[in-house]
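Residue numbers (my numbering), protein chains in the order written: chain E, 533 to 1335; chain V, 23 to 360.
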């Protein structure tokens, strides 16, 4: 909210400089976000309009402009470039003395006469920096004194008011806070209208329906007003605070809102049926046209101000079109009321309408101030719009709202803050804040002022003590606690391991938004799957929570390729959201990755080969090794899946349960994404993996007897899985066959189609003795036997042992 | 014979000394020491000598042979040495060619900062806890003293899944979830992803926070200052200026906003700190009695503090990143810098 420094000054004695004030308020929890200088105090600077701009005949960097006021033309040489013909500007004429000391006179600049200067904000002392000259609004009158246009010199403080401090949403409220924080004198002021003979209650009537969320309703009647625009200074004041000037009556209500924080509304009294106000909940099916020309449907949860027939305003939110003050209005009914904050907020949210009024009612206005505000407003209306205020205020206030009496323990306050403040300091602080206290047997009972709606309990008062003592004066002390080590979070720990493994494999970590488009959501899983959708998304790109990380990674890949990053290894570690029967979706943590481009980075020393299935398989193996877990594979049997190439992908299982998948991208998806090469993808369900428990590491004794190594090569049907072959070989003798290594596979050359050649190295060893050559030969021939009998392999003899 | 032997030796040594290369040495070796060489010829002639001279001659020839062999070996060794040196001189690589390696990948800067924050608190005995990202309104708002229709809800624009379920707007619901399950003493941090319905140059609809809290008997506001001052000094350096100023959060009372001296300008005032010399970095406060009531803790017996900080903001300051949106574009040219 914006606050005029000059206006605050009317209320506070010895107000310090804007900068000092801003620092003090910020350190007291009222954050001043910026200070802007406004207005001007200049001589001989008038408003003018640029007729034309042309290059200076003798200087590239200068412009020669024809400028006119309402009565006279001037020729001006100007160094700025931000203006064009038609712009309205501030023109300093000869004799003008600017705040920076420059005195303007007629002069020749590069041989051309200049009859004055067009000013920038800096030159006029309004701002610290500016770009070029100041361009004034299009409706600025010509030939006018710039001081009239810009207003008197002032500062505008932009203050961030936290939602609890409703009492600061006015000039008077902030001034009161300033005097409390700085211990300065507060000069309150009030005016009352001169009242006429007739009783307001004889002209109009007000009724609050029982149960309606309105605790107080004040009305005044003012007759015979003349609606007209407000004087310039009032309009300027409103505009400086971001409020549009409308007419003298409406402007007064807004002025009082800014100054006192009490929202007011003025009705055209002659447009209220039976001159009656009925504060009630809306009836089903009722509608109202609000002053923004929209017809709103009402429901019975909304509080309205009605006349004897229909709603005339949404209470505390916005007035109705029909009863608004217009140029023809003669008599008005002025409203100053206190509506239940939650009711105003509900109406505001349901209608999507928010106003300066509803903003303050929602946060809580001072119920005591309702009466004063209507008096001030009536007096001001009489001053600006004439008319006569009827006698008395119709003040419906069925039950006085009592402030809570809070027990305050100085000891408790000191214990919570960790300082000793003492009773006297506490009393002084409370007195500055207007909190009344009574003391009985050393116990303090505190009653906050009615405007401090945020002070409800002891903790709130403790904060006030801390705030006015200054947080900087509270000592900085480490707590005393039992010496216990921290416990790592489950996924934090797993992520650390996985990230270590994958960054070593050359992967960079990505973080994508958890919500994705429907299109991306549809890239994985069955067509009819359920998802967790956002009711109020910002864009179509962020409508549904992802149930797999793969779509985001493919999108990341696409974006990187568009930026010519063509060697891509990216992983992500995040939860996937699975909709189910429970209120909350299941959050399954996954690690997923995408590989695209060359197996080795493009370099002078590497072959330029693309990735294949076994690269991504290797990555998956390494991740599992890092997690200390085992896994099995099965073929991708789901024919409907459209993420992976069915023949070049696999499903990961852990203890028989599916725990992820990896492989080459489905050719159709590759085409859809317009990829030049196949991408390789993996996704592992880390919860499923780690739930299965970590593999225990156990020592096995080192061999004491030598190994014997024999190689064997054979041609076998391509459809025979490698895993079956080594399984069968190991079955021959689990004790003596230590390991089997595959060192060559090839298809081409003289190998018949549908077959492949494989070469195995078999390591034989006994843990108890040295094997004889005969034993090894015998076993090796059994290996050959198994290969030919079980797999119809054509054994090609011992492959030459590779050195 | 003695004369001939002396001449032979002299001649051989002379040839050896003049040998320009290894093969010349080998030729000398063959010529004099070979089976048909000069020495062998002399040894053959020895048979014709009378026995008394034969022994003497034999000894003389053997001495000469030994001498010659020794010199030949020396020459060979010297040429071998020279050859090795020659080879070493020739065998050279261009040490400036790039090394053969797989470039390491990188962790996301957000992850790196989260780990750093986590480690500081881990060292102070804080446990790391987690909570769901799709959360109940109850945990995200109500239990944190933010009833429906409370204007403070405006501080956090929310994505809803339905009336009751939303995307958590902060990591504070983890406070409630942990306190519901455990009794004090508690020292906990909860890093995580949070969501707010806000997207512009300084806001992304998803970002990261670390929540932390400590609950025990006799935890004070000055302890909050102690722990957070230590934390910020570890994160930004011991000399960083820190200030605590009052603020408002519905779930803490008293509440504080904590600023550090601007790390860009050193407190002089610049664009990043909007001329104030200070940067807002942490929100904190003493846990509100209403929050303790929601989890059934005695408000008389226990006190505690809680705090929350935005990770992206810290990462921006630490790495000098000037555009928030870069964090989620995942451009490898960006990611590889960390």
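Positions of the beta carbon are idealized from the N, C-alpha and C atoms, including for glycine. On a predicted model such as this, the values are computed, not experimentally measured, just so you know.
Would you say residue i and residue j are within 8 Å of each other, going by their C-beta atoms?
| i | j | result |
| --- | --- | --- |
| residue 1205/E | residue 1086/E | yes |
| residue 879/E | residue 849/E | yes |
| residue 258/V | residue 282/V | yes |
| residue 268/V | residue 308/V | no |
| residue 502/E | residue 1142/E | Outside the displayed span of chain E (533 to 1335) sits residue 502/E, for which this structure offers no information. |
| residue 818/E | residue 804/E | no |
Check whether the Cβ of residue i lies closer than 8 Å to any Cβ atom in chain V.
| i | result |
| --- | --- |
| residue 1109/E | yes |
| residue 947/E | yes |
| residue 1155/E | no |
| residue 1221/E | no |
| residue 1331/E | Residue placement at residue 1331/E is poorly supported in this model, since its pLDDT is 48, which falls under 50; the coordinates are not used for a value here. |
| residue 1336/E | Because chain E in this structure spans residues 533 to 1335, residue 1336/E falls outside the shown range and cannot be described. |
| residue 950/E | yes |
| residue 1117/E | yes |
| residue 963/E | no |
| residue 1214/E | no |
With a 10 Å radius around its C-beta and 16 neighbouring C-beta atoms as the bar for buried, classify residue i as buried or exposed.
| i | result |
| --- | --- |
| residue 195/V | buried |
| residue 632/E | exposed |
| residue 1153/E | exposed |
| residue 671/E | exposed |
| residue 119/V | exposed |
| residue 77/V | exposed |
| residue 1234/E | exposed |
| residue 780/E | buried |
| residue 271/V | buried |
| residue 870/E | buried |
| residue 619/E | buried |
| residue 956/E | exposed |
| residue 694/E | buried |
Compare the C-beta of residue i with all C-beta atoms of chain E and state if any pair is closer than 8 Å.
| i | result |
| --- | --- |
| residue 68/V | no |
| residue 190/V | no |
| residue 303/V | no |
| residue 1/V | The displayed coordinates of chain V run from 23 to 360. Any statement about residue 1/V would go beyond what the structure contains. |
| residue 195/V | no |
| residue 181/V | yes |
| residue 167/V | no |
Show which residues of chain E have a CB atom less than 7 Å away from the CB atom of residue i.
| i | result |
| --- | --- |
| residue 184/V | 1067 |
| residue 140/V | 1024 |
| residue 316/V | Result: empty, since nearest Cβ-Cβ is about 14 Å, beyond 7 Å. |
| residue 278/V | 1003 |
| residue 159/V | By Cβ distance, chain E contributes nothing, its closest Cβ being about 10 Å from residue 159/V, past 7 Å. |
So which residues of chain E does residue i contact, with C-beta pairs closer than 8 Å?
| i | result |
| --- | --- |
| residue 61/V | The contacting residues do not exist; residue 61/V stays about 44 Å from chain E at best. |
Mind listing the chain V neighbours of residue i? Cutoff is C-beta to C-beta under 8 Å, in chain order.
| i | result |
| --- | --- |
| residue 894/E | 173 |
| residue 1004/E | 265, 266 |
Could you tell me the alpha carbon to alpha carbon distance between residue i and residue j, rounded to whole angstroms?
| i | j | result |
| --- | --- | --- |
| residue 951/E | residue 826/E | 57 Å |
| residue 843/E | residue 906/E | 22 Å |
| residue 328/V | residue 1011/E | 14 Å |
| residue 125/V | residue 1062/E | 40 Å |
| residue 872/E | residue 294/V | 41 Å |
| residue 51/V | residue 116/V | 41 Å |
| residue 93/V | residue 100/V | 10 Å |
| residue 615/E | residue 346/V | 34 Å |
| residue 1048/E | residue 591/E | 57 Å |
| residue 799/E | residue 541/E | 33 Å |
| residue 97/V | residue 1245/E | 52 Å |
| residue 1273/E | residue 1243/E | 9 Å |
Which bits of chain V does residue i rub up against, with CB to CB less than 7 Å?
| i | result |
| --- | --- |
| residue 975/E | Those within 7 Å of residue 975/E in chain V number zero; the least Cβ separation is about 16 Å. |
Interface residues of chain V around residue i at Cβ under 9 Å?
| i | result |
| --- | --- |
| residue 1020/E | 140, 144, 149, 150 |
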